[in-house]
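Protein chains in written order, with our numbering: chain A, 1 to 296; chain B, 1001 to 1092; chain C, 2001 to 2385.
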Amino acid sequence: MKEIEVKEKEGIEEEHPMKHLLRMDRIPHIWCPTCGIGTVLTSFATALEKSEIPLDDISVVSGIGCSGRIAGYIKLDSFHSTHGRAIPFATGLKLGNPKLKVVVFSGDGDIVGIGGNHLIHAARRNMDMVVLCINNFIYAMTGGQVAATTPLTANTSTSPYGNYENPFNLPHLVASCGAVYVARWTALHVRRLAKSMGEALKKRGFSFIEIIAPCSTIYARRNRLGDGLSLMKFYHDNSIIKHGADTRELDIGFQSKIIVGKFVDIERPTFLDSLNEWNRKVLGEKFREYGGPIDD
Amino acid sequence: MRFWRKPLDADKLQIPHGEIHIIRERCKGCGFCVEYCPKDVLELSTEFNLKGYHPPIAKNPEECVHCGLCELLCPEFALFVKEKKEVEKIES
Amino acid sequence: MKANPKNVLTGQHYLDGDHACAEGALSAGCNFVAGYPITPSTEVVERISERFPFVGGIFIQMEDEMASMASVIGAAWAGAKAMTVTSGPGFSLMMENIGLAAMMEAPCVIINVQRGGPSTGLPTLPGQADMMQVRWGSHGDYEIIALSPNSPQECFEFTIKAFNLSEKYRVPVFVMTDECVGHMTEKVIIPPAEKIELKLRRYTKLSPEEYLPFKPEKDLVPDMVKAGDGYRIHVTGLTHDEKGYPVMNWQTQEKLVRRLVEKIRLNKDKIIEYEEEETEEAEVVLLSYGISSRVSIPAIQKARKEGIKIGVLRLVVVWPFPEKRVYELAKKVKAFVVPEMNYGQMVLEVERAAKGKAKTILVPHGGGWVHNPEDIYKAIKEAVK
């Protein structure tokens, strides 16, 4: 058998296949070793490669937090807005230029905590956007405070004796508000997640994917769950794939089984569809559809 | 490999091979690639990179079948696999 | 460039201030409005939601004021001319995102139809107590432009002016009306579209490799792009360098924030606007803005009948404040009389600008009604003593 050498070159960034999707001048990124967010970003880059959407038409909006830093590393039109307001910012982008495909890529504290109101209304309106919510069960960037998704009994810096609040069941929340595509995967399900992201990008309407990712430095350490690798392994080993499961049964307990899969995939008219159709119906000929952004 | 029945295209069957490229200085020693390689090709080396982490090395490079899982898993974009054009025919 | 005739409702109309603001936005080419209903500003968005389907604009009623402001910034980056409308409590909610608009240099217009405050206050009655908040409301250092109309006709004209200023300086511009002007119905003459001048957004002509999103031109304002043009920009609320990437050190902060502030301060002379009347020989100057300037008219007339030489300085652009002119007048006159519907906000600027050369007499009013001209007259008499 021929000897195949492993080539170890210094600084061969030019050759990494994802480099055209990343802002290479900002790599290495700020996330901790064994953080799950980097893996999620790779899945997203894979999904972008495979999708047929022209990359110039995709805009990424993030909020504040560890997951919110994703916008800074993706080489697309990316916007890093204020805490919790990524979804209305994305609404403005989408309505300002309906040709854009808008992706909101942020964390659980940002989207579901302070941004909870915006999440449910965007889902209700079926705003045409993809929301990728990286759920690490904690407010990691600020030092590990309890979040709306923290499981019962978990230890965080503001629940130092254990969390006694019930967390959200995100797929159930978003599906009941009217989202047309709801899925949940863990960060380790790289190929399934990339496929799911691809489906969500093609979907018209409000798509929501919850991605369970390990937080190594804070959540894993505070709750003595090993490092990010063992936590990610745990999430993956304890995930049960159940496509089409009833969203009412998707609660996550502390270190419990996690049901993953694609739960909702329906069709509904988007906000712009409803607006245009209705106005055309009641106003007839005089209705003028939105003309798009103003050019010079 | 032993088959119950020899596949009709056994002489055309090819196992892909991959060549692993590791960008040492970017690695943060997380170990995802080592843990999840289906062919157990990688292990963390004993050397340090400039940041003080142990980057992986391929201990069994010939086993790599270009599945690409390490490249997809690496959070640091420090690892990628290129297809090696060498093919290995199956002996019956 | 000129306004689009399809948007402009040319002719003589009998409109209230809120409706005139809406018409002004339409004439200016505004095509995205996100709002949340709040008395007394609701009429603006009601009219917008009626007219937009016929002129090709998008109106969305968001779930709260923070969402309204965030979506206005998003729409501005998508290339739309965006506006939102609110009053006191909503204004306070929007503050974080107003800071974001200033940091991201997104051109947008915010109309604040002021009401009695603080907190829920007097929802259906006028006030002028947000004048300092509009300047200093958000955290950090930044500069904005604020205008103060005193009639529905001015509501129409100043909204157009606000859009032009926001496009020119890439800064959020505020139209500070109040419930009285907003709900007052008067004749509004809307000129033909060719008479309305609009300022275009300055888009870059450079290629994506050469373009730096936050590199300023000579007037300290960078050229803009919009999402979807292939420039792959990164825009953030963190302190950023010229490429738009966040950099956490004091040198970048100094470079960026100083430019954001000087963008307006160094161009002050082109932005400041006021109306003066009989100030050359005046012994007292009445400085006012908004509805208080109209309410002062009987007091001024009464004082002039008694031979008091009183001049009027009415602020059109309230922020940036015309410090130079106030100082020049302060050297000549005995006192400034400042009637405002609050317990002393713009009067502090007048005092500061006068540098002690003239007295400043405030005629305060808690809001809820307009001043009694007698009180203003008494203050004028006090000033000439």
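Cβ atoms here follow ideal geometry from the backbone N, Cα and C, with glycine treated the same way.
Query	Result
Would you mind giving the Cβ-Cβ distance between residue 2287 of chain C and residue 2336 of chain C, rounded to the nearest angstrom? I have them listed as a contact below 8 Å.	5 Å
With distance defined between alpha-carbon atoms, name the residue in A:226, A:201, A:256 and A:218 nearest to residue 265 of chain A.	A:201
At a CB distance below 8 Å, what residues from the stretch 1016-1036 of chain B approach chain A? Give them in sequence order.	1017, 1019, 1020, 1021, 1022, 1023, 1024, 1025, 1026, 1028, 1029, 1030, 1031, 1032, 1035 and 1036
For residue 2263 of chain C, count the other beta carbons within 10 Å of its own beta carbon; 16 or more makes it buried, fewer makes it exposed. Which is it?	buried
Name, in chain order, the residues that DSSP records as bridge partners for residue 131 of chain A.	A:104 and A:208
Where residue 2053 of chain C and residue 287 of chain A are concerned, what is the direct C-alpha to C-alpha distance, given to the nearest angstrom?	6 Å
Which residues in the same chain have their Cβ closer than 6 Å to the Cβ of residue 2017 of chain C, if we skip the five residues on either side of it in sequence?	2152, 2155, 2177, 2181, 2182 and 2184
Let me know the secondary structure DSSP gives residue 117 of chain A once reduced to three states.	helix
How about residue 27 of chain A: is its C-beta nearer than 9 Å to some C-beta of chain B?	yes
When burial is assigned at 16 or more other CB atoms within 10 Å of the CB, is residue 2081 of chain C buried or exposed?	buried
If we count the other Cβ atoms within 10 Å of its Cβ and call it buried at 16 or more, is residue 308 of chain A buried or exposed?	The structure shown has nothing for residue 308 of chain A, since chain A only spans 1 to 296.
Among residues of its own chain, excluding the 5 on either side of residue 245 of chain A, which ones have a beta-carbon nearer than 8 Å to its beta-carbon?	259, 261 and 263
Measuring CA to CA, which of A:226, A:253 and A:213 is closest to residue 236 of chain A?	A:213
Could you tell me whether the Cβ atoms of residue 2333 of chain C and residue 2284 of chain C are closer together than 9 Å?	yes
So that I know if they touch, is there some Cβ in chain B lying closer than 9 Å to that of residue 186 of chain A?	no
Looking at the C-beta of residue 33 of chain A, does it have a partner C-beta in chain C at a distance below 9 Å?	no
Do the stretch 2201-2220 of chain C and the stretch 2024-2044 of chain C meet, that is, are 3 or more Cβ pairs less than 8 Å apart?	no
Can you name the residues of chain A whose CB is closer than 8 Å to the CB of residue 2031 of chain C?	290, 291 and 294
Round the Cβ separation of residue 2100 of chain C and residue 2237 of chain C to the nearest angstrom and send it over; I've been treating them as touching at under 8 Å.	5 Å
Could you please give me the residues that DSSP links to residue 2275 of chain C through a beta bridge?	C:2314
Helix, strand or coil for residue 2061 of chain C? Go by DSSP, reduced to three states.	strand
Give every residue of the same chain whose Cβ lies closer than 6 Å to the Cβ of residue 2235 of chain C, excluding the five residues on either side of it in the sequence, and list them in chain order.	2104 and 2244
Under 9 Å between the Cβ atoms of residue 205 of chain A and residue 267 of chain A?	yes
From the DSSP output, read off the bridge partner residues of residue 1978 of chain C.	Missing from the structure shown is residue 1978 of chain C; chain C here goes from 2001 to 2385 and no further.
Run through the DSSP bridge pairs and tell me what residue 2360 of chain C is partnered with.	C:2336
Please state if the CB of residue 104 of chain A and the CB of residue 60 of chain A are separated by a distance shorter than 9 Å.	yes
Does DSSP put residue 1025 of chain B in a helix, a strand or coil?	helix
Ignoring anything shorter than 3 residues or poking outside the stretch 2006-2072 of chain C, list the beta strand (DSSP E) runs there in chain order.	2011-2016, 2032-2035 and 2058-2061
Under 8 Å: do the stretch 1062-1081 of chain B and the stretch 2007-2016 of chain C share three or more Cβ pairs, one atom per stretch?	no
Mind checking if residue 239 of chain A is an interface residue toward chain B, Cβ cutoff 9 Å exclusive?	no
Near residue 97 of chain A, which residues of its chain fall below 7 Å by C-beta distance, leaving aside the five closest residues on each side in sequence?	292 and 293
I'd like to confirm the pairing. Which residues does DSSP put opposite residue 281 of chain A in its beta bridges?	DSSP output for residue 281 of chain A lists no bridge partner at all.
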